[in-house]
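Asker:
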Amino acid sequence: MAGIVSITCILAFIYRPIVSDSDREQQNVNRKQGKKFWDISILKHKVFLLCTMSGAVFYLSHYIPPMHMEASRLYIYSGLASLLVRPLIGRLNDVSWINMLYIYSVAAAIEGVVTILLPLATTNVHFILYFVVYGLCDGTLGCGLTIVVLNSLPDTLKPLGFSTYNSWHILRQHVVRFLEVL
């Protein structure tokens, strides 16, 4: 999976969207002014920076609770819940008055609360409920964060934003793997 995401990062860095003639003229003006390959104006978009950095930090601890669970049969509930919620989140993104940033924030808060309450689980039903809620939040976060990042940028910066977002998450994965070895 990391290899596929790495390839998308590289391809997104070199991707150039189809632009209209007026946009092409603006790009030529920018080139004449000496603007570089990596457009630093992406750092002016606060929602993009907030979501990219918070997502990288959030996912540092996202997978810790399920890794400590003994019964692997419980993972089926998380996987099914995550699988079923992703198309719903995609459809919610099509609704113009719904802001995916709020849905992402609510899902992160719910996942945090159920993870804090996990030590109180004593029966198998409690663990199943945890994994269902965890899977719903995981699917919402996985699908919703990418949508928020892409929607926070203008069309000309979306490829660069997508590759930057994926690069931060690949870096995060390597940090987690390094910390696991320690």
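For the sequence shown, the numbering used here begins at 54 and goes up steadily by one.
Don't be surprised by glycine CBs; every beta carbon is placed ideally from N, CA and C.
Only a predicted model underlies this, so the values are computations on that prediction, with no experimental measurement involved.
Taking the straight line between their C-alpha atoms, what separation do you get for V186 and I93?
Answerer: Along the sequence shown, one-based indexing puts residue 186 at 133. Along the sequence shown, one-based indexing puts residue 93 at 40. Near 39 Å, if we compare the C-alpha coordinates of I93 and V186.
Asker: Take the Cβ of L153 as the centre, count every other Cβ of all protein chains shown within 10 Å, and call the residue buried at 16 or more, exposed below.
Answerer: Counting from one through the sequence shown, the residue named residue 153 turns up at place 100. Here the sequence assigns Met to residue 153, which means Leu is not the residue at that position. M153 comes out buried.
Asker: With respect to the alpha helix (DSSP H) encompassing K99, which residues constitute its N-terminal and C-terminal limits?
Answerer: To locate residue 99, count along the sequence shown from 1; it is residue 46. Element bounds for K99: 99-114.
Asker: So, do the region 217-231 and the region 171-179 have three or more beta carbon pairs nearer to each other than 8 Å?
Answerer: Segments in contact, no.
Asker: Is DSSP giving I151 helix, strand or coil here?
Answerer: Translated into the one-based positions of the sequence shown, residue 151 becomes position 98. Coil, per DSSP.
Asker: Quick one: what does DSSP say S94 is sitting in, helix, strand or coil?
Answerer: Your numbering for residue 94 matches position 41 in the sequence shown. Note: S94 maps to helix in three-state DSSP.
Asker: Let's see if you can read the secondary structure: which residues bound the alpha helix (DSSP H) around T199?
Answerer: For the purposes of this step, residue 199 is taken as residue 146 along the sequence shown, with counting starting at 1. Residues 177-204.
Asker: Taking a contact to mean a Cβ-Cβ separation below 7 Å, would you say F101 touches S205 in this structure?
Answerer: As a working note, residue 101 is residue 48 in the sequence shown. As a working note, residue 205 is residue 152 in the sequence shown. Result yes, Cβ atoms of F101 and S205 sit closer than 7 Å.
Asker: Buried or exposed for L198, going by 16 or more other Cβ atoms inside 10 Å?
Answerer: Here the question's residue 198 lines up with position 145 in the sequence shown. Buried, by the Cβ-count rule.
Asker: Using the Cα positions of Y218 and I181, report the straight-line distance between them to the nearest angstrom.
Answerer: Counting from 1 along the sequence shown, the entry for residue 218 is found at position 165. Counting from 1 along the sequence shown, the entry for residue 181 is found at position 128. Each residue's alpha carbon lies about 32 Å from the other.
Asker: Using only alpha-carbon positions, find the residue among P118, L136, I57, V202 that is nearest to A109.
Answerer: As a working note, residue 109 is residue 56 in the sequence shown. When only C-alpha atoms are compared, the closest one is V202.
Asker: Is the Cβ-Cβ distance between L194 and A162 less than 7 Å?
Answerer: Position 141 of the sequence shown, counting from 1, holds the residue named residue 194. Position 109 of the sequence shown, counting from 1, holds the residue named residue 162. In this structure, A162 does not lie closer than 7 Å to L194 by Cβ.
Asker: By the three-class DSSP mapping on this structure, what secondary structure does A162 have?
Answerer: Residue 162 sits at position 109 when you count from the first residue of the sequence shown. In this structure, A162 counts as helix in the three-state DSSP scheme.
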